[in-house]
Amino acid sequence: MCTVIAAVAIGFWHSASADEFTRVDLDRWQLEFESVVQEGEQLFHGGLGNANTMSCDQCHPNASNTHPETYPKFQQQLGKVAQQWEMINWCIMNPLESDPLAADDAKMIALQAYINHERRGVAMVPGKH
Numbered sequence: 000m001c002t003v004i005a006a007v008a009i010g011f012w013h014s015a016s017a018d019e020f021t022r023v024d025l026d027r028w029q030l031e032f033e034s035v036v037q038e039g040e041q042l043f044h045g046g047l048g049n050a051n052t053m054s055c056d057q058c059h060p061n062a063s064n065t066h067p068e069t070y071p072k073f074q075q076q077l078g079k080v081a082q083q084w085e086m087i088n089w090c091i092m093n094p095l096e097s098d099p100l101a102a103d104d105a106k107m108i109a110l111q112a113y114i115n116h117e118r119r120g121v122a123m124v125p126g127k128h
């Protein structure tokens, strides 16, 4: 029993906390984020491969009027309080006439990264219309 307690105590003493990281970590994470933003930009500007050749930027040039800072909010098209990815899927299924993406699909994450990146610096106001 004492051995188990000692092992746990040593484990806690040597464990790194979630807020401990290096400049190398920060640089690597930023590069990974920027890569996903670039992928999202390509998808947003016509890279979803939908049959009708519409793209997100035809309604939302440079991700304008997407207002990711207002989600979750009531979305009339969906008839409920929705998250950003649900509205993105509505656009993918309706104007773009394509198949929806799972919330954790790499393409969905990239689209959200691009949209949110374009609105960086805007205050969060969930529920706003």
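Residue 71 in numbering that gives the first Met the number 0 sits at position 72 of the sequence shown; the count goes up by one each step and never skips.
Positions of the beta carbon are idealized from the N, C-alpha and C atoms, including for glycine.
**Message:** On the DSSP letters alone, give me the boundaries of the beta strand (DSSP E) that A112 sits inside.
**Reply:** The residue given as residue 112 occupies position 113 in the sequence shown. Counting along the chain, A112 falls outside any beta strand (DSSP E), though it belongs to the alpha helix (DSSP H) covering A105 to E117.
**Asked** Roughly how many angstroms separate the alpha carbons of L47 and C90, rounded to a whole number?
**Response** Within the sequence shown, numbered from 1, the residue matching residue 47 stands at position 48. Within the sequence shown, numbered from 1, the residue matching residue 90 stands at position 91. Their backbone Cα atoms lie some 12 Å apart in a straight line.
**Asked** Are the beta-carbon atoms belonging to L42 and L110 less than 8 Å from one another?
**Response** The residue given as residue 42 occupies position 43 in the sequence shown. The residue given as residue 110 occupies position 111 in the sequence shown. Against a cut-off of 8 Å, the Cβ pair of L110 and L42 comes out as a contact.
**Message:** For V80, report the span of its beta strand (DSSP E) as first-last.
**Reply:** Taking the first residue of the sequence shown as position 1, residue 80 is located at position 81. Per DSSP, V80 is one residue of the beta strand (DSSP E) stretching across K79 to A81.
**Request:** Please say whether H116 and V23 have beta carbons closer to each other than 8 Å?
**Result:** Here residue 23 refers to the residue found at position 24 when the sequence shown is read from its first residue. Here residue 116 refers to the residue found at position 117 when the sequence shown is read from its first residue. No, they are not a contact pair.
**Request:** List the whole-angstrom C-beta distance separating P67 from Q83, where the pair is believed to meet the contact cut-off of C-beta under 8 Å.
**Result:** Within the sequence shown, numbered from 1, the residue matching residue 67 stands at position 68. Within the sequence shown, numbered from 1, the residue matching residue 83 stands at position 84. Their Cβ separation, rounded to whole angstroms, is 5 Å, which keeps P67 and Q83 in contact under 8 Å.
**Item:** Member of E33, M86 and D98 whose CA lies at the smallest distance from the CA of G76
**Value:** Taking the first residue of the sequence shown as position 1, residue 76 is located at position 77. Checking the displayed sequence, the identity of residue 76 turns out to be Gln instead of Gly. The option with the nearest alpha carbon to Q76 is M86.
**Request:** Grab me the residues of H44's own chain with a C-beta within less than 8 Å of its C-beta, minus the 5 sequence neighbours each way, in chain order.
**Result:** Numbered from 1 along the sequence shown, position 45 holds the residue referred to as residue 44. Closer than 8 Å at the Cβ level, and outside the excluded window around H44, lie S54, C55 and D56.
**Asked** Who pairs with F73 in a beta bridge, going by DSSP?
**Response** To locate residue 73, count along the sequence shown from 1; it is residue 74. Looking at the DSSP assignment, F73 forms a beta bridge with V80.
**Asked** In three-state DSSP terms, what is S97?
**Response** Here residue 97 is taken as the residue at index 98 of the sequence shown, counted from 1. Here S97 sits in coil by DSSP.
**Prompt:** Nearest CA to the CA of G126: which residue from T65, R27 and Y70?
**Reply:** Translated into positions along the sequence shown, residue 126 becomes position 127. Y70 is the residue among T65, R27 and Y70 whose C-alpha sits nearest the C-alpha of G126.
**Request:** Look at the alpha carbon of R27 and the alpha carbon of K72, and state the distance between them as a whole number of angstroms.
**Result:** For the purposes of this step, residue 27 is taken as the residue at position 28 of the sequence shown. For the purposes of this step, residue 72 is taken as the residue at position 73 of the sequence shown. Going from the Cα of R27 to the Cα of K72 covers about 33 Å.
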